[in-house]
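*Asks:* So the sequences go chain by chain: Y and A.
Numbering of the first sequence is given in our numbering, commencing with residue 30 and proceeding in unit increments.
Numbering of the second sequence is given in our numbering, commencing with residue 362 and proceeding in unit increments.
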Amino acid sequence: GAGVSQSPRYKVAKRGQDVALRCDPISGHVSLFWYQQALGQGPEFLTYFQNEAQLDKSGLPSDRFFAERPEGSVSTLKIQRTQQEDSAVYLCASRTSGNSYNEQFFGPGTRLTVL
Amino acid sequence: GDSVTQMEGPVTLSEEAFLTINCTYTATGYPSLFWYVQYPGEGLQLLLKATKADDKGSNKGFEATYRKETTSFHLEKGSVQVSDSAVYFCALSDKSGGSYIPTFGRGTSLIVHP
């Protein structure tokens, strides 16, 4: 497709379960970002990839969060042993190049609810 | 560190009213500035941007001017429509550690009544 896609759109998990969230960026986009968006808040940066390299993971809230982009295209955000405070919308965005001021293109997000 | 401050919402207006949503920022470098819009159930999409001082970004009747002296990037529209109802996010992109990682404000909800 032409845009960034994310799956699943909605995920309900029981506390303690592991989840995996997928992001398909726009083809050819070098940069990929993951954000966490709590209700009523702006996107908070989690991690950033340039091709397959994870250049910044300073925003990951704990070692339960892990992201990968092994072939420089599709990315997966994994959350282990989910907690209620992990409930949020997880946004993925891609951008054409690495170090630039270009705009980001966002996916629709995955809404995670941890019961 | 970098930060973006937006006015609290919701902003409630009647159709054809004038809109201003304030945005101020702090940045260590010389950032680019953006406004993104998020319609219900959708991801953020770029509305407009400006990359240097005194630049005016504009799109769909919205505009914002990059004011370096006041570190502001206020969003304006002369006559809002019901279809403009959405959440608006101000953001900056600054070089930090060699990467341009954007910083977002918390968003301002706009509700336009017929």
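By construction, the Cβ of each residue, glycine as well, lies at the ideal position given by its N, Cα and C atoms.
1. Give the secondary structure of N59(Y) by DSSP, where H, G and I count as helix, E and B as strand, and everything else as coil.
2. Please return the same chain residues whose Cβ sits closer than 7 Å to the Cβ of V41(Y), not counting the five positions on each side in sequence.
3. Please report the straight-line C-alpha distance between C121(Y) and E430(A), rounded to a whole angstrom.
4. Would you tell me roughly how many angstroms separate the C-alpha atoms of T432(A) and W396(A), rounded to the nearest one?
5. Who does L70(Y) pair with in a DSSP beta bridge?
6. Does any residue of chain Y have a CB that is nearer than 8 Å to the CB of P316(A)?
7. Taking 8 Å as the threshold (C-beta atoms), are T105(Y) and A117(Y) in contact?
8. Given this structure, state the Cα-to-Cα distance separating G101(Y) from I108(Y), to the nearest angstrom.
9. Looking at the unbroken beta strand (DSSP E) that takes in A82(Y), where does it start and where does it end?
10. Roughly how many angstroms lie between the CA atoms of A447(A) and L405(A), to the nearest whole one?
11. Beta-carbon within less than 7 Å of L407(A)'s beta-carbon, same chain only, minus the 5 sequence neighbours each way: which residues are those?
12. Assign S433(A) to one of three DSSP states: helix, strand, or coil.
13. Between Q399(A), P401(A), H435(A), which lies nearest to D416(A) when the distance is taken from Cα to Cα?
14. Would you tell me roughly how many angstroms separate the C-alpha atoms of L409(A) and C52(Y), rounded to the nearest one?
15. Which chain Y residues are close to L407(A), counting only those with a beta carbon under 7 Å from its beta carbon?
16. Taking the C-alpha atoms as reference points, what is the distance between S393(A) and Q399(A)?
17. Whose C-alpha, out of K456(A), F465(A), Y449(A), is nearest the C-alpha of P371(A)?
18. For Q399(A), does the three-state DSSP call read helix, strand or coil?
19. Could you give the distance in angstroms between the alpha-carbon of G418(A) and the alpha-carbon of R428(A)?
*Replies:* Result, derived from the coordinates:
1. Per the sequence shown, the amino acid found at residue 59(Y) is Val instead of Asn. Here V59(Y) sits in coil by DSSP.
2. T142, L144
3. 33 Å
4. 15 Å
5. The sequence given here places Gln at residue 70(Y); Leu does not occur at that position. The partner list for Q70(Y) (beta bridge, DSSP) is empty, contrary to what the question assumes.
6. A query on residue 316(A) cannot be resolved here, the shown segment of chain A reaching from 362 to 475 and no further.
7. no
8. 20 Å
9. 82–85
10. 10 Å
11. F395, Y397
12. strand
13. H435(A)
14. 25 Å
15. E132
16. 20 Å
17. Y449(A)
18. strand
19. 12 Å
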